[in-house]
Amino acid sequence: MNHNAPETFTARGVFWRGYAQEATGTPLVILHGLFGSGDNWHSQARALAADRPVLVADMPNHGQSEHVVEMGY
294 MNHNAPETFT
304 ARGVFWRGYA
314 QEATGTPLVI
324 LHGLFGSGDN
334 WHSQARALAA
344 DRPVLVADMP
354 NHGQSEHVVE
364 MGY
């Protein structure tokens with residue numbers, strides 16, 4: 294396993310990156326801003342994962358998550 298590369302998975306159409314799954318501490322979930330993507334948080338998430346598990350999502354219709362015609366918030 295490459296410890297510099299995040300684990301990835303998709304859940305309900307949302308693409309996630311997980312950093313430091315072996316770390317203890319309260320997990321941190323990062324959601325990017327409008328017009329962003331989870332890729333924007335890679336460096337920060339990797340640094341924060343020294344103390345806790347970190348999950349970064351690509352919100353629907355952004356990054357590697359599902360892209361759909363109709364979407365509501």
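My numbering puts the first residue of the sequence shown at 294, with every later residue one more than the last. Even glycine gets a Cβ: it sits at the ideal position worked out from N, Cα and C.
By a beta-carbon distance limit of 8 Å, Val307 contacts Pro353. Their separation comes to about 6 Å. Ranked by Cα distance from Thr317, the options Ile323, Ala342, Glu359 and Arg305 are led by Ala342. Collapsing the DSSP output to three states places Ala340 in a helix. Residue ranges of uninterrupted beta strand (DSSP E) with 3 or more members, entirely inside the segment 296 to 340 and ordered along the chain, are 300 to 304, 307 to 312 and 321 to 324. Looking at Asp344, His355 and Arg339, the one whose alpha-carbon comes closest to that of Phe328 is His355.
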